[in-house]
Every structure is written in structure tokens, then in C-alpha cells.
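So the sequence shown is numbered by my numbering: it starts at 116 and just counts up by one.
For glycine and all other residues, C-beta sits at the position ideal for the given N, C-alpha and C.
Computed from a prediction, not measured in an experiment: that's the story for all the values here.
The next block holds one structure in the form of C-alpha cells; read it before the comments.
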Amino acid sequence: MSRILLPGLIAASLLFSVPASAAGCWLFADGTGQPLSQQGECSQRLPPASTFKIPLALMGYDSGFLVDEQLPALPFKAGDADFLPAWRETTTPSRWMDHSVIWYSQRLTEWLGEARFQQYVDHFDYGNRDLAGNPGKQDGLTQAWLSSSLGISPLEQASFLGKLVSGKLPVAADAVRHTSAIMRQPDIDGWQVYGKTGMGYFKQADGSLDRQRPIGWFVGWASKGDQTRIFVHTVLDKPGKQFASVRAKEELFAALPDKLKQ
116 MSRILLPGLI AASLLFSVPA SAAGCWLFAD GTGQPLSQQG ECSQRLPPAS
166 TFKIPLALMG YDSGFLVDEQ LPALPFKAGD ADFLPAWRET TTPSRWMDHS
216 VIWYSQRLTE WLGEARFQQY VDHFDYGNRD LAGNPGKQDG LTQAWLSSSL
266 GISPLEQASF LGKLVSGKLP VAADAVRHTS AIMRQPDIDG WQVYGKTGMG
316 YFKQADGSLD RQRPIGWFVG WASKGDQTRI FVHTVLDKPG KQFASVRAKE
366 ELFAALPDKL KQ
């Protein structure tokens, strides 16, 4: 079981529903986010789950809540989400991204407050920009991206990442640099790769989780010299031996070497 993906299993209980025929998306784009190739359903909005840690990191570094890759180191507290043993330890920004520690994200958004959180999401033009949260619960500040209102399509993910890597988001350059650092993946043929997984489930008509319909994300970019390629891959399929997010990442890494040669 990957330590990176599990927020979706506990917290990403999703309110989105799609036709049974819906398929995942393969999307490769240039450094501005303009698609070079796409296959499957790439325009439907899905909950971002842990891929939302990318904009959260940008917010955290730009606002001063996050300092660098190792600070702040925040202690686990009783009552924090603790499904994984890795979540029950003192957490740094790097560890937060690697292990997808839910409570660390929530400390950040609570520190930002509703108004500033919404302002960042609006300025990023991130998906549907809806931070209302679950109906009647007023929990958008800590749950919007996990279990309720916020949605983004693969095409919108590519556009957002294009603005990130081309320096067009309204955040400090250091925020982009530190966010990139904690997203670093293994290099491929001299390309520096950055990415983040996300994992969740669709919901049924009665609002319960449909565990037969998981959602997996892997999104990011690869850079080599003055070249940049953005990738977004979603897996919408029946559950198997791997979590959908693990499958999305592994499938993307298997395809990426050939894509980067094109």
C-alpha cells in the first residue's frame, strides 16, 4: 500500500457521479498547459483529492505558513486524522507531500482562514473554485477538496500546472521553487519529473461511497533544459490489487519515457 495515497480512502468521500461508461484520461500538454495529445474523458470535473496539495503548497509557501522543505515541523495531536502510522508523527512539508498527511493540510487551511483560502483558489482559477464543503456542514475550510464541493477536470489540471511552471500564478517565485522541490520524482532520461497522486471514490445516489468505482490521479510535469511537458492521468475503473492512484502513477511512468521522446 502506497503511503502517498490514502487521504482519499478516508477523507475523499466524493459527491460526484458519472455515467457508467465514463473512462479515465490520458493528457499530455506543453509547458503552457496546451494539450498535445489526449485520450479518454478529460473534460469532466472530479474531486482533486490529494492532487490539491499542489495548490495548497503554493498557498502555504506564499503566505509564510510553510518555510522550506523541512519547516514547519508540526506535531501530531490527538484527534488528528491518523489512519496511517505515518500520519501519527511530526510532519514537515516534505513528509506532508510524500505521505499525504491530511491534518497538515487542514492546519494550513485553518491558518489561512476562509477568506484568504477562497482568494487563492479564485486567483488560481482552480476548477470550479467551490469551497462550500458538504451541504449544511460548513466544513469547506477543511473538507472541500476531500469530500464535497471542489472539482477540477484533467484539462483544468493541465491549465493550472501550465500557469505554475510558466510563472503565471500570483505567488512568489520561492513558493513555486519549494513546491516543486517537495514534488520531485525520479528522473527519466535526463528529464526532471515532478508529480502528485490523488485517490478517492465516487458517491452513489444516496451519498454513500461507491467502493466499486475508485478515482485515481497522477499529475505533474517533466522538465529538461528549456523543454517542459505536463501530464495528467486519471484511472476510473473497478478496484483491483492496486489502489487507483498507484495504478495511475505506475501507468504514467511506464508511458512517460516514450512520450518525452516525441
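In this structure, how does DSSP classify residue i when only helix, strand and coil are distinguished?
{"i": "Gly310", "result": "strand"}
{"i": "Asp245", "result": "coil"}
{"i": "Ala58", "result": "Given that the chain is displayed from residue 116 to residue 377, the structure contains no residue 58 and the question cannot be resolved."}
{"i": "Thr147", "result": "coil"}
{"i": "Ser363", "result": "In the sequence as presented, Ser is not what sits at residue 363; that position holds Ala. Ala363 falls in the helix class under three-state DSSP."}
{"i": "Asp302", "result": "strand"}
{"i": "Thr207", "result": "coil"}
{"i": "Leu186", "result": "coil"}
{"i": "Pro372", "result": "helix"}
{"i": "Phe358", "result": "coil"}
{"i": "Gln221", "result": "helix"}
{"i": "Leu256", "result": "helix"}
Whole angstroms is fine: what's the gap from residue i's alpha carbon to residue j's?
{"i": "Ser264", "j": "Phe232", "result": "14 Å"}
{"i": "Gln258", "j": "Phe317", "result": "16 Å"}
{"i": "Ala342", "j": "Gly146", "result": "A small correction: the amino acid at residue 342 is Gln; Ala does not occupy that position in the sequence shown. Roughly 7 Å separates the two Cα atoms."}
{"i": "Ser215", "j": "Gln377", "result": "32 Å"}
{"i": "Gly242", "j": "Gln357", "result": "27 Å"}
{"i": "Gly248", "j": "Gly340", "result": "41 Å"}
{"i": "Asp183", "j": "Ile217", "result": "19 Å"}
{"i": "Phe239", "j": "Pro285", "result": "7 Å"}
{"i": "His293", "j": "Arg222", "result": "18 Å"}
{"i": "Pro234", "j": "Gly251", "result": "For the record, residue 234 in the displayed sequence is Gln; it is not Pro. Going from the Cα of Gln234 to the Cα of Gly251 covers about 22 Å."}
Name the one or two DSSP bridge partners that residue i has.
{"i": "Pro329", "result": "Tyr316"}
{"i": "Gln342", "result": "Lys339"}
{"i": "Ser152", "result": "Phe143"}
{"i": "Leu161", "result": "Ile267"}
{"i": "Val350", "result": "Gly331"}
Closer than 7 Å by C-beta to residue i: which residues in its own chain qualify, once you throw out the five before and the five after it? Chain order, please.
{"i": "Asp304", "result": "Pro372 and Leu375"}
{"i": "Pro269", "result": "Cys140, Leu142, Cys157, Val347 and Thr349"}
{"i": "Leu256", "result": "Thr224, Glu225, Glu229 and Phe232"}
Do residue j and residue i come within 8 Å of each other at the CB atom, strictly closer than that value?
{"i": "Thr349", "j": "Leu161", "result": "yes"}
{"i": "Lys283", "j": "Ser165", "result": "no"}
{"i": "Ala273", "j": "Ala144", "result": "yes"}
{"i": "Ile297", "j": "Met212", "result": "yes"}
{"i": "Trp332", "j": "Ala369", "result": "no"}
{"i": "Trp260", "j": "Pro163", "result": "yes"}
{"i": "Ala337", "j": "Val291", "result": "no"}
{"i": "Pro354", "j": "Gln319", "result": "no"}
{"i": "Arg203", "j": "Phe191", "result": "yes"}
Kindly list the residues whose CB is nearer than 8 Å to the CB of residue i, restricted to its own chain and excluding five residues on each side of it in sequence; keep chain order.
{"i": "Ala188", "result": "Thr205, Thr206 and Thr207"}
Only counting the same chain, and skipping five residues up and downstream in sequence, which positions put a Cβ closer than 6 Å to that of residue i?
{"i": "Ile169", "result": "Lys311"}
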